[in-house]
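So the structure is just underneath, and the comments pick up after that.
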Amino acid sequence: MSTPLIDTVDAVETVDAPARRRGARSPSLIVGSVLLLVIVALAVVSLVWTPYPLDHTDPAARLAGPSAPHWAGTDRLGRDQFTQLMLGARTAVWIGLSSVAVAFVIGVPLGLLAAAAGRFVENAVIGVIDIVIAFPTLLLAMLLVTVYGASTAVAISAIGIGVSAEVARLTRISASRVFTQDYVLAARTCGTGPLMILVRHVLPNIWHTLLVQATLAFGVAVIAEASLSYLGLGTPPPAPSWGRMLQEAQSTVAVAPWNVLLPGLAVAVAVIGVNLLGDGLREVLDPQLRTRRRATGR
Amino acid sequence: MLGYLVRRVAWLLGSLFVAGSAVFFLLRVLPGDPAVTLLAVGSSPDQLAAVRHRLGTDRPLLVQYGHWFGDLLAGNLGASLFTRTPVLDQIAGRLPVTVPLALSAFVLSLLVAVPIGVFAAVRRHGALGLAVSTLAQLGIALPVFWVGIVVVWLVAVRWRVLPPGGFPRTGWQDPAAAVQSLVLPVATLTIAQGSVLVRYVRSATLDVLSQEYVRTARSLGYSLPRALLRHGPRNGAATVVQILGILLASSLLGTVVIESVFALPGLGSLLLTSVKARDLPVVQGTVFAMTATVLVVGLVVDVVQRLVDPRLRGQA
Numbered sequence: 001m002s003t004p005l006i007d008t009v010d011a012v013e014t015v016d017a018p019a020r021r022r023g024a025r026s027p028s029l030i031v032g033s034v035l036l037l038v039i040v041a042l043a044v045v046s047l048v049w050t051p052y053p054l055d056h057t058d059p060a061a062r063l064a065g066p067s068a069p070h071w072a073g074t075d076r077l078g079r080d081q082f083t084q085l086m087l088g089a090r091t092a093v094w095i096g097l098s099s100v101a102v103a104f105v106i107g108v109p110l111g112l113l114a115a116a117a118g119r120f121v122e123n124a125v126i127g128v129i130d131i132v133i134a135f136p137t138l139l140l141a142m143l144l145v146t147v148y149g150a151s152t153a154v155a156i157s158a159i160g161i162g163v164s165a166e167v168a169r170l171t172r173i174s175a176s177r178v179f180t181q182d183y184v185l186a187a188r189t190c191g192t193g194p195l196m197i198l199v200r201h202v203l204p205n206i207w208h209t210l211l212v213q214a215t216l217a218f219g220v221a222v223i224a225e226a227s228l229s230y231l232g233l234g235t236p237p238p239a240p241s242w243g244r245m246l247q248e249a250q251s252t253v254a255v256a257p258w259n260v261l262l263p264g265l266a267v268a269v270a271v272i273g274v275n276l277l278g279d280g281l282r283e284v285l286d287p288q289l290r291t292r293r294r295a296t297g298r
Numbered sequence: 001m002l003g004y005l006v007r008r009v010a011w012l013l014g015s016l017f018v019a020g021s022a023v024f025f026l027l028r029v030l031p032g033d034p035a036v037t038l039l040a041v042g043s044s045p046d047q048l049a050a051v052r053h054r055l056g057t058d059r060p061l062l063v064q065y066g067h068w069f070g071d072l073l074a075g076n077l078g079a080s081l082f083t084r085t086p087v088l089d090q091i092a093g094r095l096p097v098t099v100p101l102a103l104s105a106f107v108l109s110l111l112v113a114v115p116i117g118v119f120a121a122v123r124r125h126g127a128l129g130l131a132v133s134t135l136a137q138l139g140i141a142l143p144v145f146w147v148g149i150v151v152v153w154l155v156a157v158r159w160r161v162l163p164p165g166g167f168p169r170t171g172w173q174d175p176a177a178a179v180q181s182l183v184l185p186v187a188t189l190t191i192a193q194g195s196v197l198v199r200y201v202r203s204a205t206l207d208v209l210s211q212e213y214v215r216t217a218r219s220l221g222y223s224l225p226r227a228l229l230r231h232g233p234r235n236g237a238a239t240v241v242q243i244l245g246i247l248l249a250s251s252l253l254g255t256v257v258i259e260s261v262f263a264l265p266g267l268g269s270l271l272l273t274s275v276k277a278r279d280l281p282v283v284q285g286t287v288f289a290m291t292a293t294v295l296v297v298g299l300v301v302d303v304v305q306r307l308v309d310p311r312l313r314g315q316a
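Going down the list, the sequences are from chains A and B.
1 is the number of the first residue of the first sequence in full-length UniProt numbering; add one for each residue after it.
1 is the number of the first residue of the second sequence in full-length UniProt numbering; add one for each residue after it.
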């Protein structure tokens with residue numbers, strides 16, 4: 001995904017320099033990056049510093065509102081909510097990144113295989129993709145939790161496998177489009193092997209689509225993680241998660257509504273941030289797509 | 001068309017078989033022994049063997065698989081490990097909550113989101129259009145259970161207008177109470193589904209707006225609403241049907257989380273409690289039933305799409 005690859009990009013889809021500069025001023029890219037940066041900063045800082053240790057309780061200040069000692073208030077045990085929000089950001093970013101990695105490690109080779117191999121393999125892969133897409137991530141996660149119990153690894157695998165189907169579908173469609181191009185035919189005629197065609201022609205032409213998909217997938221993963229934790233099927237305690245913070249805050253919403261507002265806001269900031277970033281990247285990387293809607297279907 | 005229908009139904013049966021088998025084998029790699037979970041600590045080996053025999057887990061995996069598959073063909077999804085109630089009866093008992101919930105949210109999101117989505121597309125440069133798109137974006141980014149908790153807090157806790165959760169023990173024998181307890185869950189699910197739908201409808205409408213037939217119609221003197229009404233439905237129908245399918249499937253799945261927020265005794269909470277209790281047959285049956293519904297909806301969508309859009313019929 002480095003710049004030299006752009007030299008080999010086919011003329012039609014070339015990322016021209018003026019478009020890049022235009023894109024650099026794309027408001028979605030800037031706002032999205034800033035929002036996402038806030039979340040990532042919370043996560044990174046939590047590695048070295050949090051206002052309080054996670055298990056520190058302040059019995060005198062249970063369910064207290066935001067104040068100088070507790071910026072985001074405390075929960076019903078008197079634990080600092082800002083500390084939990086920071087550690088929750090770490091969980092969200094970690095699970096988001098790992099699930100996207102799992103999804104791409106499974107999805108991209110599968111999609112490329114389907115596009116490059118013959119019709120039989122392609123139909124088989126399409127069949128598998130269709131079934132996995134019909135099989136919702138939440139149900140897959142529930143099955144895996146039944147077998148292995150709730151854990152971070154299970155959440156990552158379930159979300160990753162669920163998202164990988166969409167990644168494979170998109171990879172196959174984009175790669176098939178490249179395979180029908182004349183320059184691929186020309187390369188084949190010159191005796192270029194399939195692997196070389198993938199590296200020299202296909203990947204350089206589809207990586208920007210995949211990058212945008214990765215940002216969307218990250219947003220999906222963050223929401224999925226929060227939902228699983230809310231249902232009690234995600235990262236087990238004591239590791240904090242925005243979803244479980246919400247689940248715990250639900251019973252005390254009458255006295256401490258801010259405990260519900262803040263974790264929800266955190267999820268929204270992360271998801272909106274990454275979605276805007278994706279929109280912005282799409283504008284920057286593929287000016288054509290600004291007018292032509294992306295053909296993802298669902 | 002008939003040939004296509006036959007192929008498509010065969011494909012559905014194949015998918016059901018693959019999905020069902022995947023669920024079966026996924027659950028059978030369970031590291032624990034259900035018999036041990038069921039019996040008290042210190043049970044004798046004879047008792048364990050008896051329970052294993054009752055559950056059928058003492059037989060080879062492939063034999064169990066054969067039995068499961070045979071039972072499935074006979075319409076039998078097995079029985080709960082703990083209560084021994086047939087899974088099918090349990091599922092049927094939960095439908096009076098889940099089906100009205102999912103269907104009302106489906107219909108309501110359509111009624112609310114389609115006009116808003118078209119409006120957001122037509123007025124995409126206006127302040128109100130932008131505001132609508134932004135709100136929809138927010139609705140997608142917020143987890144549905146968060147929306148649910150906030151709705152409960154506002155309507156049930158602060159205003160005390162409606163119950164915060166639960167479902168009357170007598171079910172639909174008290175229709176007023178049953179409807180009351182479904183209002184907030186349906187509203188929450190509608191907000192979540194509606195936001196997604198607004199985005200779909202908006203981009204589908206933008207697609208239609210950029211088509212040449214709309215420009216031609218406008219140059220012939222049609223107003224924009226008339227041009228859209230004249231050409232939009234026929235051209236956009238296939239997309240709309242596809243969206244309906246996605247929406248119906250996600251309304252069904254959305255009930256899993258919603259029922260947890262509002263403590264409703266539906267299909268989703270049946271699944272959740274049996275996952276936590278590791279009640280294999282119930283998990284297996286419920287997941288299979290849900291997946292089957294999603295796959296059947298997919299089939300209906302594909303067939304209806306071909307009926308309404310002749311352009312699709314040439315494709316394989």
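Quick reminder that beta carbons are idealized off the backbone N, C-alpha and C, glycines included.
None of the values given here were measured: they were computed from a predicted structure.
Within chain A, not a single residue places a beta-carbon under 8 Å from that of Val300 (chain B); the smallest gap is close to 13 Å. Using a CB distance cut-off of 8 Å, Asn275 (chain A) counts as an interface residue toward chain B. Judged by DSSP in its simplified three-state form, Asp80 (chain A) adopts strand. Taken through DSSP and simplified to helix, strand or coil, Ala237 (chain B) comes out as helix. In the displayed model, Thr171 (chain A) falls within a helix according to three-state DSSP. Judged by DSSP in its simplified three-state form, Pro86 (chain B) adopts strand.
Counting along the chain, Ser151 (chain A) sits inside no alpha helix (DSSP H), nor does DSSP assign it H or E at all. Remark: C-beta atoms of Leu27 (chain B) and Val283 (chain B) approach each other more closely than 8 Å. In this structure, the beta-carbon distance from Ile173 (chain A) to Val18 (chain B) does not fall below 8 Å.
Here Asp55 (chain A) is exposed, its C-beta having fewer than 16 other C-beta atoms within 10 Å.
If you check each beta-carbon in the segment 227-247 of chain A against every beta-carbon of chain B, the ones closer than 9 Å belong to Ser227, Tyr230, Leu231, Gly232, Leu233, Trp242, Gly243, Leu246, Gln247.
Not flagged as an interface residue toward chain A: Ala105 (chain B), since no C-beta distance is shorter than 8 Å. Looking at A:Gly193, A:Thr209, A:Ile156, the one whose alpha-carbon comes closest to that of Ala168 (chain A) is A:Thr209.
At a cut-off of 8 Å between C-beta atoms, Met1 (chain B) does not count as an interface residue with respect to chain A. In this structure, the alpha-carbon of Leu262 (chain A) lies about 8 Å from that of Ala72 (chain A). Look at the beta carbons and you see the segment 144-153 of chain B not touching the segment 216-223 of chain B: under three pairs across the two are nearer than 8 Å.
Segment contact: the segment 250-269 of chain A against the segment 170-177 of chain B, fewer than three CB-CB distances shorter than 8 Å; contact not assigned. The beta carbon of Thr98 (chain B) sits no closer than 8 Å to any beta carbon of chain A. If you draw a straight line from the Cα of Tyr148 (chain A) to the Cα of Val186 (chain B), it comes to about 33 Å. By the C-beta density criterion, Pro143 (chain B) is buried, having at least 16 other C-beta atoms within 10 angstroms. Using a Cβ-Cβ cut-off of 8 Å, Thr50 (chain A) does not count as an interface residue toward chain B, since no Cβ of chain B sits closer than that to its own. Contact between the segment 236-245 of chain A and the segment 107-115 of chain B is not established, with fewer than three Cβ pairs separated by less than 8 Å.
Taking 8 Å as the upper bound for CB-CB distance, Ala114 (chain A) and Val163 (chain A) are not in contact here, some 17 Å apart.
Across the segment 32-58 of chain A, no CB contact with chain B closer than 7 Å is found for any residue.
Just so you know, the alpha carbons of Val178 (chain A) and Val118 (chain B) end up roughly 34 Å apart. For Tyr230 (chain A), the enclosing alpha helix (DSSP H) covers residues 203-230.
Around the beta carbon of Trp159 (chain B), fewer than 16 other beta carbons lie within 10 angstroms, which makes this residue exposed. When C-beta distances to chain B are compared with 7 Å, the residues of the segment 136-170 of chain A below that value are Pro136, Leu138, Leu139, Met142, Leu143, Val145, Thr146, Val147, in chain order. Chain A places a beta carbon closer than 8 Å to that of Ile149 (chain B), counting this residue as a contact. In the DSSP annotation of this structure, the continuous segment of the alpha helix (DSSP H) that includes Asp279 (chain A) starts and ends at 258-285. Between Arg188 (chain A) and Val128 (chain A), the alpha-carbon positions lie close to 29 Å from each other. No Cβ-Cβ contact shorter than 8 Å links Arg234 (chain B) with Tyr222 (chain B).
Within the segment 12-31 of chain B, the residues whose Cβ lies closer than 7 Å to any Cβ of chain A are, in chain order, Ser15, Val18, Ala19, Val23, Leu26, Leu27, Val29, Leu30. The Cβ atoms of Leu228 (chain A) and Leu272 (chain B) lie no closer than 8 Å to each other. Close partners of Val260 (chain A) in chain B (Cβ separation under 9 Å): Trp146, Ile149, Val150, Trp153. As computed with DSSP, Ala115 (chain A) is found in no beta bridge at all.
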